[in-house]
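Visitor: I have a structure here, written as structure tokens, and I will follow up with some questions on it.
In our numbering, the protein residues as written are 1132 to 1320.
Structure, rendered in structure tokens:
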């Protein structure tokens, strides 16, 4: 009887560990989807906030997901190139919109800044911020250029866990059937 109680405790502990690992795994997968999959589907990108110009809305180390929109309005937070065709990007809020000779012109300002930025044209706008993930940019900066290696390792880990979970479940099921058969034989003999 004592071994049955120990088996039950062991099984319960294993179930709790498996459940906790599954929750962590789902959270990591949801985070990966929010940072990698959703921006690509939207045609945008995930960017790390580097300065405090948008505080308290976005702090350094937050990650913002920007994607193109058909129109931009006053109050929208947009990501733009301050100089056309320059890879530098800034994320600030639109404070004024006007029609210029080349179409819409936007005046932006960081929420923490006291003055407006130079006006930009629509071609300089890369997209508006759809959502943000606090603190994730810190991790992205730490990972840096090793991102693809970590993705491969994480993928291999997920596959390995899947194999382990399937094999251990099959072994546990086999042991349970064996114990049941042994108990049945003892009772019928």
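Cβ coordinates follow ideal geometry from the N, Cα and C atoms, glycine included.
Return the chain-ordered list of same chain residues with a C-beta closer than 7 angstroms to the C-beta of residue 1218, the five sequence neighbours on each side being excluded.
Guide: In the chain shown, the residue the question calls residue 1218 occupies position 87. Around residue 1218: no qualifying Cβ.
Visitor: Give every residue of the same chain whose Cβ lies closer than 8 angstroms to the Cβ of residue 1247, excluding the five residues on either side of it in the sequence, and list them in chain order.
Guide: Taking the first residue of the chain shown as 1, we reach residue 1247 at position 116. Hits under 8 angstroms: 1226, 1227, 1238, 1239, 1240.
Visitor: Figure out for me which residue from 1176, 1303, 1268, 1183 has the closest Cα to the Cα of residue 1199.
Guide: If you number the chain shown from 1, residue 1199 lands on position 68. Considering only alpha carbons, the answer is 1176.
Visitor: Using the three-state DSSP reduction, which class does residue 1274 fall into: helix, strand or coil?
Guide: Working through the chain shown from its first residue, we reach residue 1274 at position 143. Three-state DSSP puts residue 1274 in a helix.
Visitor: List the endpoints of the continuous beta strand (DSSP E) containing residue 1169.
Guide: Here residue 1169 is taken as the residue at index 38 of the chain shown, counted from 1. Residue 1169 -> not in any beta strand (DSSP E); alpha helix (DSSP H) instead, spanning 1169-1173.
Visitor: Output the boundary residues of the beta strand (DSSP E) element that contains residue 1236.
Guide: Working through the chain shown from its first residue, we reach residue 1236 at position 105. That run of the beta strand (DSSP E) goes 1234-1240.
Visitor: Could you give the first and the last residue of the continuous beta strand (DSSP E) run that contains residue 1194?
Guide: Counting from 1 along the chain shown, the entry for residue 1194 is found at position 63. Taken as a continuous stretch (DSSP letters only), the beta strand (DSSP E) holding residue 1194 covers 1194-1198.
Visitor: Report all residues from its chain with a CB closer than 7 angstroms to the CB of residue 1182; omit the five preceding and five following residues, and keep chain order.
Guide: Translated into the one-based positions of the chain shown, residue 1182 becomes position 51. Around residue 1182: 1191.
Visitor: If you run the structure through DSSP and keep just helix, strand and coil, what is residue 1210?
Guide: Sequence index remark: in the chain shown, residue 1210 carries index 79 (1-based). Of the three classes helix, strand and coil, the one that applies to residue 1210 here is strand, per DSSP.
Visitor: Can you check whether the CB of residue 1256 is closer than 7 angstroms to the CB of residue 1209?
Guide: As a working mapping, residue 1209 is identified with position 78 in the chain shown. As a working mapping, residue 1256 is identified with position 125 in the chain shown. Yes, the pair counts as a contact, with Cβ atoms nearer than the cut-off.
Visitor: Return the CA-CA distance between residue 1195 and residue 1260, expressed in angstroms with no decimal places.
Guide: What you label residue 1195 is simply residue 64 of the chain shown in a count that begins at 1. What you label residue 1260 is simply residue 129 of the chain shown in a count that begins at 1. Looking at the two C-alpha atoms, the distance is approximately 6 angstroms.
Visitor: Could you round the C-beta distance between residue 1244 and residue 1184 to whole angstroms and report it? I think they count as a contact, below 8 angstroms.
Guide: Here the question's residue 1244 lines up with position 113 in the chain shown. Here the question's residue 1184 lines up with position 53 in the chain shown. Sure, about 5 angstroms apart at Cβ, within 8 angstroms.
Visitor: Along the beta strand (DSSP E) that carries residue 1224, what are the first and last residues, could you check?
Guide: Taking the chain shown and counting its residues from 1, one reaches residue 1224 at position 93. 1221-1231 is the extent of the beta strand (DSSP E) around residue 1224.
Visitor: Should residue 1294 be labelled buried (16 or more other beta-carbon atoms within 10 Å of its own) or exposed?
Guide: Position 163 of the chain shown holds residue 1294. By the neighbour-count definition (other C-beta atoms within 10 Å, threshold 16), residue 1294 is an exposed residue.
Visitor: Answer with buried or exposed for residue 1322, where buried requires no fewer than 16 other C-beta atoms within 10 angstroms of its C-beta.
Guide: Limits of the chain in this structure are 1132 at one end and 1320 at the other, which puts residue 1322 out of reach.
Visitor: Per DSSP, what kind of secondary structure is residue 1259 in: helix, strand or coil?
Guide: Looking up residue 1259 in the chain shown gives position 128. It is a strand residue.
Visitor: Between the Cα of residue 1251 and the Cα atoms of 1236, 1262, 1287, which residue gives the shortest distance?
Guide: Within the chain shown, the letter at position 120 stands for residue 1251. Among 1236, 1262, 1287, the Cα nearest to that of residue 1251 is on 1236.
Visitor: Sort 1223, 1167, 1159 by Cα distance to residue 1187 and report the nearest one.
Guide: Locating residue 1187 in the chain shown gives position 56, counting from the first residue. Of 1223, 1167, 1159, the residue nearest in Cα terms is 1223.
Visitor: What's the gap between the Cα of residue 1288 and the Cα of residue 1144?
Guide: Position 157 of the chain shown, counted from the start, is the residue given in the question as residue 1288. Position 13 of the chain shown, counted from the start, is the residue given in the question as residue 1144. Cα to Cα, residue 1288 sits roughly 22 angstroms from residue 1144.
Visitor: Rounding to the nearest angstrom, what Cα-Cα distance links residue 1170 and residue 1197 in this structure?
Guide: Locating residue 1170 in the chain shown gives position 39, where the first residue counts as 1. Locating residue 1197 in the chain shown gives position 66, where the first residue counts as 1. Rounded to the nearest angstrom, the two C-alpha atoms are 7 angstroms apart.
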